[in-house]
Amino acid sequence: MSAQKAIDALAGQIDSTVASYLEACIHCGQCAEACHFYQVTGDPKYTPTYKMRPIDRVYRRDKAPFSGLMKAIGLAPDELTMQDLEDWSELLYDTCTLCGRCTLVCPMGIDIATVVRKSRAGLVAAGMVPEGLLAAAERAVEQGSPLIKPGVLEKVVAKQSAEVGIPIELDKKGVDYLVILSAMEILNFYEVIGALAKIFKQAGISWTISTTAFEATNIGYQMGSPDIARTLVQRIVDSAEELGVKYVISPECGHAYTALNWDGPNMTGKRHSFKVIHILELLEQLRRDGRVKTKGLDGRRITYHDPCQISRRGGVIDEPRSLIDQISSNFVEMRNHGAANICCGGGGGVSSNPRAEGLRIKAFACKKEQIDELGGVEALVTSCANCRNVLEEAIDEFEMDLPVVGLTELVAMYLDEGEKKPAARKRRKKAA
Amino acid sequence: MSHRDGIAIMLLNAPRKNVVRLARAGAVFLVAALVICAAATPSLSEGGLAPHLSTNPGPANTLGGQSSADYWRQIRQGQSFTLVNPQMGPPVLVQSEGQDWRIFRNETIKRYGGYLILAMLAATILFAALRGRVRIEGGRSGRTIPRFSQTERTIHWFVAAVFIMLGVSGLVLLFGRTILVPVIGKTAHGALASAMLQGHNLLGPLFIIGILAMAVVYFKDNLPRSADIAWFFKGGPLFKWHVPSWKYNAGEKIWFWSAVIGGIALSGSGILMEFPWLAQNLQQLQLATIVHGIAATIVIGFAVGHIYLGTIGVEGALEGMTQGQVDENWAQEHHHLWADAASDGPSAASETAPAE
Amino acid sequence: MSLIWFVEQPLWYLSATVFVVGVLWRLFALVALGKKEDLSVARGSAGGGAVRAVLLHFIPHGGFFSKTFFHFLAGYAFHLGLFVLLLFAAPHVTFIDERILGVGWTPLPRWAFILTAEIAFAGLIFLWARRISDPVQRQISDADDHAGTWLTFIAMLTGCLALQESNDALRIIHMLSVEVWLIYFPFSRLMHAFTWVLSRGNMGAVFGRRGVTP
C-alpha cells in the first residue's frame, strides 16, 4: 500500500539530470570495478548501477519519454512493490557510501552516488530506513545532534579552552566566522577545537560556535530524507543569520560540506547570506596570506586519505596537500590519490548503520591495499572525522599499527607560537 | 562449356569482364568463391565496390541463360590469361588433375563428410535417448566452485559464435547444391550462397584469432594425464558411473585437440582459399579445399556432441561457462580429481586466475 | 507493389522518420523534465566542467585502465568500426549521395572495408560474449540490451552478406534489417548514442561548479 508513496517519492527525485543518467547506462558493469563492496565480496548484486534499478524502473514506467506507449504495449517494467524496496534496502543503505568512485570509471560519466542518495528518498517514504540511521536522524532533529546530548558541547569546549589557554565564546554575535563541528569531532576528536582556537588566535580571526546549530553532520541528507535534510540545513542557516556571521566554516566532515555548501541553498530554496568555507580552504588561504605560520617539520612517513565528499565530490584536493607540504618532510601519496581515492568504507550514512558494519569493515581491505602498497606509512592524515573514526575502527580490526590524524590538528601541532615549543604531540588514547 | 571447365579457368586471372561474366553465368557457387578471391587482387588496388560496379555493369543476364557457346568461342579465339601467381608456371587452360580433385571434393568429401555429421547427430540423439539427461545425482549442494575464468568464458563464446556462423555458412556452401537447390530453387540458393560466401570469408579471420587464443588459454588443462586412460577403459560417459577426471575428462580433451588441430587446418587452408595468390601452385589450392572440407566436417561433427553435452545433456554444466561457477556436487561427480584439488583452495583448482 | 519497392521507398521513409522524430522527441522530452537552478556559489565553471567530463570519459581514468581494458578495446573496436563502415563503405557513400545528402565522398577501398568490418564484428561479438558470461553483466542486463545488440549485429551482418553487390534480395534484406533497427532505436537503450553527451555533460556541469571533474 505504501509502495505508491515510494514510487511518488522516487518520481519526484527525477529531474533531467537524473533522467540523463538513467537513459545513458548501457549496463557494461565497469562500475563494479570501482566499488569496494563489489571488490571485496565479488557479489554482482553490489554492482553500482544495479543499485539504480528501483528508480530506473519508476522512470521507465512512469516518467520516461514513450513510457505511456511502452505501458500500452506491455513493455514497461513492472510497478515497484514493497518487496522490491525491501530487497534494495541493503543495496541502497548498507552497501553504498555515496563515494562516487564509480563515476570515474563510467564511460557515460553517470553520477551513480547521487542517484543512490536520491533513491533513498523512496525507502524513506516506504518507511524502510535502517534502524540505526533513523534513530540518529530523530536525535539530530530533536536534540540537535545524532550523538551529542544537550550540554555536552559546552563542557567539551570549556575543557578545550582551558587546555590551550584561549577563551572560546559560544553564541557570540558579530563575529566573522561560525564554526560547526561534526558530532564525531565533539565526541572523539575534540582536540580539534583547541587546535582551531590556536590557529584562529594566531590568524586573528573572530569566531564562535552556536549552541543550537553546532552539528555539521546532516544525517537527513545521508538517509535521503529531503525534509530532515532541509530542517538540519535550515538550523545552521538560521543560526548564522542570527549571529550575523560572514562565513560558516565547514569542518573536517565529508557530507557536511556537500550538504551545506553545494546542496544547502537548493534545499532551503535561497542563496546563503554567508559564505561556506571548508576548513582546509580557510587554512590554506591563511597559510598563503602568511597569517598562519608553522615551525618545524613532521618527519614521519605520512600519507593523506582523501575523504570522498571533500576531494572527489567537493573539489578540495590541492589545499590539504599544500598544508601538509608546509609541515611534513616525508609525505607520500597513495596510488590514485585525490579524485580517484578509495573510500574509507563508512561514508554516506553507512557508519551510522549497525546493520552494515560487517561489510563495512570488510570493505576496508581495498583501502588497506592502497596504504600497504606505500609501505612503512607511519601516520594516516585525513580531514573527515567520520573517515577518521571508520578508519581507526577498521585499522584495529585488521590489527594494523597506524595512527590516524586530523589535518587541522596536525597543522596546530606545528603552529609557530613564538618562543613556545611546538605543541607536544599528544595522542588521544583510543576509547575502544 | 560445362561447369567443370570453369574450375581451371577460375584460377586464371582473366580480364575482369570475363570473370564477372563467368561468375554471373551461374557457374558452380563454390567456384564463384574462388573467383571472388582471385578478383580481389585487382580490386585491392582499385578501391571500393561502387566504382567497380559502375564501370563494369556486367551482363544483364544474371541467371545463367547466356550461351556457353559464346564463352567457349571467346576462348577458342585466342583469349589469353595470366595466373594469379605468376610463379605458378605457365597457364594451363584445362587442368586434368582438376577432374580428380573435383570428384574427390564434390563426391567423396561431400558424401563421407555428410555421413560423419549425420552419424554424430545420430549418436548424440541415441545417447540422449538411452542415457537421458545426465543429472547431478547428489542434487545441488548450493555451494559453487569457480570453473572457468572470465577470460576463458569470453574467448569460448567468441569462438562459439564465430564457429556457428562459419559452420552454417560453410555447410550451405558445401551441401547447398545437393540439399537446398531442390528445395528452394536455384535463384534463392544463388542469393543464399553468395551471402554465405561473403559472410564466411569475412568472419574466417576472426576464427583464426579466436582459435589461437583458445588454444593458448585452454592448453594447460588439456594436456594428457594418466587418469585419461582409465576414463577410456571405463567407457567415458556411456555408463551410469562417473569416471574420475581432472578439469577436463579425456573426451573433452579429444574435443579440445580436435578443435585446435582442426581449427589450425581450417585456418591455414582457409587463408589459401581466401587469398589464392599466396599459393605456390595449383595443387596447394586443390589440397587446401580438400583439407578444409575434411577438417570442417570432423570439427562440426564433434561440435554437435559438444553442444548437446554442454547445454541440455548434462545438468549443471552450462553454468560453468555462463557464470564461471559450478555446483560442488557437479564438480565432484564429473571432475572428481579437479574438484578435490579445488577444495584445497581456489588457486589450485582454477589454475588460471580470474581475468580481473 | 513489390517488396523491393516497399522496402526501398515507403518503409525507408517511414523508418527514417520514426528514427529522426523519435530521437529528437526523446531528447527533447528528457531535457524538458527540467532541473532547478543551482543556488550554491560556484567555485568553477559548469560549462567548463561539462566539456571536461565529456572529453575525459572517452578514456578510462583514475587508475582503471588495466581493470577495464577489455571494455575499452572491444568497445572502441566495435564503435569506431561501426562508424567507419556507416560513413565510408562504398555502397553507403553512394546511398548517402543519392538518397540523403546529395553529396558523396571518397569511400574506403574494399580491403579496408573488410578489415574494418572484421574489427567491428570482433568488438561486437566480444562485447556480447562478455554480456552473457560475466556475472556482473548478467545481473544488470535486460532484454533491451540483448535486443539492441542483436539488431545491430543483424544489420551489420546482412550488410556484409550483401558484399558481392550482385543480388537485390540480399540488399533488400540488409535494408529491411536497418529499417527495423531505425524504428527500434528511439525506444531503446540504443539511444545511448545520443544520451552519453547529456549524461557526461550533466555530471561534469554539477562537479565543474565544485571545481573538480570526476
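Protein chains in written order, with our numbering: chain H, 1036 to 1467; chain E, 3 to 358; chain V, 33 to 246. Beta carbons are placed, not taken as given, at the ideal position from N, Cα and C, and that holds for glycine. Small disclaimer: the values here were computed from a predicted structure and weren't measured.
- prompt: Is G66 (chain V) buried or exposed, if buried means 16 or more other CB atoms sit within 10 Å of its CB?
  reply: Exposed, since its Cβ has fewer than 16 Cβ neighbours within 10 Å.
* Asked: At a Cβ threshold of 8 Å, is H89 (chain V) touching chain H?
  -> Yes, H89 (chain V) lies at the interface with chain H (some Cβ there is under 8 Å from its Cβ).
Next item on the list: Could you give the DSSP three-state label for T1252 (chain H): helix, strand or coil?
Entry: In this structure, T1252 (chain H) counts as coil in the three-state DSSP scheme.
- Task: Pick helix, strand or coil for S1364 (chain H), following the three-state DSSP scheme.
- Result: Three-state result, S1364 (chain H): coil.
Are I164 (chain V) and W159 (chain E) closer than 8 Å when you measure CB to CB?
Yes, the Cβ-Cβ distance between I164 (chain V) and W159 (chain E) is below 8 Å.
Practice problem: Alpha carbon to alpha carbon, how far is V1053 (chain H) from R1152 (chain H)? Give it in angstroms, no decimals. | Solution: Cα to Cα, R1152 (chain H) sits roughly 11 Å from V1053 (chain H).
Report the start-end ranges of each beta strand (DSSP E) in the segment 1158–1242 of chain H that is 3 residues or longer and not cut off at the edges. Qualifying beta strand (DSSP E) stretches, in chain order: 1212–1214.
Give a yes or no on whether 8 Å exceeds the smallest Cβ distance from W228 (chain V) to chain H. With 8 Å as the cut-off, W228 (chain V) counts as an interface residue toward chain H.
Q) Is the Cβ of V174 (chain E) closer than 8 Å to any Cβ of chain V? A) False, the Cβ-Cβ gap to chain V never drops below 8 Å.
Query - Neighbour flag for R84 (chain V) against chain H, beta carbons, 8 Å - result: By this cut-off, R84 (chain V) is not an interface position.
### Task
Please state if the CB of V116 (chain V) and the CB of T138 (chain V) are separated by a distance shorter than 8 Å.
Between T138 (chain V) and V116 (chain V), the C-beta spacing is not below 8 Å.
Q) With 16 as the cutoff for other CB atoms within 10 Å, does A52 (chain E) come out buried or exposed? A) With a pLDDT of 34 at A52 (chain E), under the threshold of 50, the modelled position of this residue cannot be trusted; read the value that follows with caution. With 16 or more other Cβ atoms within 10 Å, it is buried.
- Task: In the DSSP assignment, find the unbroken beta strand (DSSP E) run with P148 (chain E) in it and report its ends.
- Result: Per DSSP, P148 (chain E) belongs to the beta strand (DSSP E) from 146–148.
message = Determine, for T49 (chain V), whether the minimum Cβ-Cβ distance to residues of chain H falls below 8 Å.
response = Chain H contact via Cβ: absent.
Thinking C-alpha only, which one of H:A1059, H:M1302, H:A1038 is nearest F226 (chain V)? Answer by Cα proximity: H:A1059.
Subject >> Segments assigned alpha helix (DSSP H), at least 4 residues, entirely inside the segment 185–216 of chain V >> reply: Segments of the alpha helix (DSSP H) lying fully in the segment 185–216 of chain V: 200–216.
Could you check the C-alpha separation between K1086 (chain H) and W1123 (chain H) for me, to the nearest Å? Take the alpha-carbon of K1086 (chain H) and the one of W1123 (chain H): they are about 7 Å apart.
| query | CA-CA distance, L214 (chain V) and L199 (chain E)? | reply | Going by the C-alpha atoms only, they are around 27 Å apart.
Taking 8 Å as the CB-CB limit, is H1062 (chain H) close to chain C? Structure shown: chain C not included; protein chains present are H, E and V.
**Item:** With 16 other Cβ atoms within 10 Å as the buried cut-off, status of R155 (chain E)
**Value:** Buried: at least 16 other Cβ atoms inside 10 Å.
So that I know if they touch, is there some Cβ in chain E lying closer than 8 Å to that of F96 (chain V)? With 8 Å as the cut-off, F96 (chain V) does not count as an interface residue toward chain E.
Checklist entry - Between I1345 (chain H) and Y1292 (chain H), which are expected to be in contact by the criterion C-beta below 8 Å, what is the C-beta distance as a whole number of angstroms? => result Correct: roughly 6 Å between the Cβ atoms.
Roughly how many angstroms separate the alpha carbons of C1288 (chain H) and E1220 (chain H), rounded to a whole number? The straight-line gap from Cα to Cα measures roughly 9 Å.
Item to complete: Could you spell out where the alpha helix (DSSP H) holding Y310 (chain E) opens and where it closes?
Response: The continuous alpha helix (DSSP H) containing Y310 (chain E) extends over residues 284–310.
- How about R1270 (chain H): is its C-beta nearer than 8 Å to some C-beta of chain V? Taking Cβ atoms only, chain V never reaches closer than 8 Å to R1270 (chain H), which makes this a no.
Original post:
Roughly how far, in whole angstroms, is the beta-carbon of K99 (chain V) from the beta-carbon of E1068 (chain H), given that I think they are within contact range, below 8 Å?
Top reply: Between K99 (chain V) and E1068 (chain H), the beta carbon gap of about 5 Å places them in contact (Cβ cut-off 8 Å).
* **Alpha-carbon spacing of L214 (chain E) relative to A124 (chain E), whole angstroms** => Going from the Cα of L214 (chain E) to the Cα of A124 (chain E) covers about 30 Å.
Query raised in the report: What's the C-alpha gap between V94 (chain E) and P88 (chain E)?
Result: The alpha-carbon atoms of V94 (chain E) and P88 (chain E) are separated by roughly 12 Å.
Review point. According to a CB-to-CB cut-off of less than 8 Å, which residues of the segment 144–165 of chain V neighbour chain E?
Key: Those residues of the segment 144–165 of chain V that come within reach of chain E (Cβ to Cβ, closer than 8 Å) are F145, I146, A149, E150, F153, A154, I157, F158, W160, A161, R162, I164, S165.
D1262 (chain H) to S220 (chain V) span [Cα, whole Å]:
In this model, D1262 (chain H) and S220 (chain V) are separated by some 35 Å (Cα to Cα).
For this session: Report the residue from E:A319, E:R135, E:K188 whose alpha carbon sits nearest the alpha carbon of L240 (chain E).
Result: Closest option to L240 (chain E), Cα to Cα, is E:R135.
Notebook entry, point to check: Within 8 Å (strictly less), CB to CB, does D1146 (chain H) reach chain V?
Noted result: By this cut-off, D1146 (chain H) is an interface position.
| task | For Y117 (chain E), count neighbouring Cβ atoms within 10 angstroms of its own Cβ and tell me buried if that reaches 16, exposed if not. | result | With fewer than 16 other beta carbons inside 10 angstroms of its own, Y117 (chain E) counts as exposed.
| field | Residues from the segment 185–208 of chain V in contact with chain E, defined by Cβ distance under 9 Å | value | Going along the segment 185–208 of chain V in chain order, one finds L189, T190, C192, L193, A194, L195, Q196, E197, S198, N199, D200, A201, L202, I205 with a Cβ nearer than 9 Å to chain E.
Rounded to the nearest angstrom, what separates Q169 (chain V) and D1078 (chain H) at their Cα positions?
Per the coordinates, the alpha-carbon of Q169 (chain V) lies some 12 Å from the alpha-carbon of D1078 (chain H).
Please determine if the segment 1351–1361 of chain H and the segment 1437–1446 of chain H are in contact, where contact requires at least 3 C-beta pairs separated by less than 8 Å. At 8 Å Cβ cutoff, the stretches touch.
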